[in-house]
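Per my numbering, the very first residue in the sequence shown carries number 33; after that it's consecutive.
To start, the structure under review is shown below, and the notes come after it.
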Amino acid sequence: MKLESVSFPEPVLGLAEQLGNQLRQRGWTCATAESCTGGGIAYAITQIAGSSDYLTGGFVTYSNEAKVRVLGVRHSTLDRVGAVSEECAAEMAAGARRALDVDVAISSTGIAGPSGATARKPVGLVYIAVALPERVETRKLALSGHRATIMQSAIHEALA
Numbered sequence: 033m034k035l036e037s038v039s040f041p042e043p044v045l046g047l048a049e050q051l052g053n054q055l056r057q058r059g060w061t062c063a064t065a066e067s068c069t070g071g072g073i074a075y076a077i078t079q080i081a082g083s084s085d086y087l088t089g090g091f092v093t094y095s096n097e098a099k100v101r102v103l104g105v106r107h108s109t110l111d112r113v114g115a116v117s118e119e120c121a122a123e124m125a126a127g128a129r130r131a132l133d134v135d136v137a138i139s140s141t142g143i144a145g146p147s148g149a150t151a152r153k154p155v156g157l158v159y160i161a162v163a164l165p166e167r168v169e170t171r172k173l174a175l176s177g178h179r180a181t182i183m184q185s186a187i188h189e190a191l192a
């Protein structure tokens with residue numbers, strides 16, 4: 033099996049570079065906790081030379097059990113609102129920040145499709161969270177397109 037080279041559009045790499053510059057200026061470190069982006073946020077960050085100065089690591093927690101075990105997402109959150117929710121995204125980011133003792137953590141959770149959607153949670157629904165030293169910020173996205181397009185858009189938005 034041969035792995036194809038994965039490349040990101042220039043806007044994504046530009047955002048990754050801007051993030052790196054901001055982290056470096058503050059002397060901060062970061063981590064990622066990803067579900068629907070499958071490690072793509074961390075991968076985009078590592079495309080920038082010198083990213084090891086600020087990226088400590090990342091987690092791909094695709095299953096609910098991984099979210100609980102690795103990031104400390106509460107079972108009650110998953111039972112009440114599900115993995116694709118603002119609350120889960122916030123707990124994922126906070127858990128990654130805590131687990132790797134970093135200043136900032138970025139998380140993603142969502143439905144890239146084509147399956148997995150419900151009437152209340154359609155394909156393209158994505159939540160991004162950023163855990164900062166004093167708060168966690170979340171964003172709800174309604175993305176469209178095929179699976180790869182949704183994933184790329186989510187990565188772009190997470191870095192924006």
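We treat Cβ as the ideally placed atom computed from N, Cα and C, and that holds for glycine.
Within its own chain, the residues whose Cβ lies closer than 6 Å to the Cβ of threonine 64, once the five positions on either side in sequence are excluded, are Ile73, Ala74, Gly90, Ile138, listed in chain order. Judged by their CB atoms, alanine 115 and threonine 88 are not nearer to each other than the 8 Å cut-off. Within the region 43 to 128, the runs of beta strand (DSSP E) that reach at least 3 residues and sit entirely inside it are, in chain order, 62 to 66, 87 to 92.
In the DSSP assignment, glutamate 169 falls within the beta strand (DSSP E) that extends over 168 to 174. DSSP places alanine 151 in the coil class of the three-state scheme, outside both helix and strand. When secondary structure is reduced to three states using DSSP, leucine 157 falls in the strand class. The region 93 to 111 makes no contact with the region 75 to 85, as fewer than three CB pairs between them are under 8 Å. Setting aside the 5 residues that flank it on each side, threonine 61 is surrounded in the same chain by Tyr86, Thr88, Val134, Asp135, each with a C-beta closer than 6 Å to its C-beta; the list follows chain order. DSSP links glycine 142 through a beta bridge to Val158. Beta-bridge annotation (DSSP): valine 136 is paired with Cys62.
Glutamate 97 counts as exposed, since fewer than 16 other C-beta atoms from the protein chains shown sit within 10 angstroms of its C-beta. For leucine 164, there is no enclosing alpha helix (DSSP H), since its DSSP letter is neither H nor E. Scanning its chain for C-beta atoms nearer than 7 Å, with the 5 sequence neighbours on each side dropped, one finds around serine 176 the residues Gly156, in chain order. Put simply, of Ser83, Ala144, Ala163, Gln57 the residue whose alpha carbon is nearest the alpha carbon of leucine 45 is Ser83.
If you ignore the 5 residues before and after phenylalanine 40, its C-beta comes within less than 7 Å of the C-beta of Ala76, Gln79, all in its own chain and listed in chain order.
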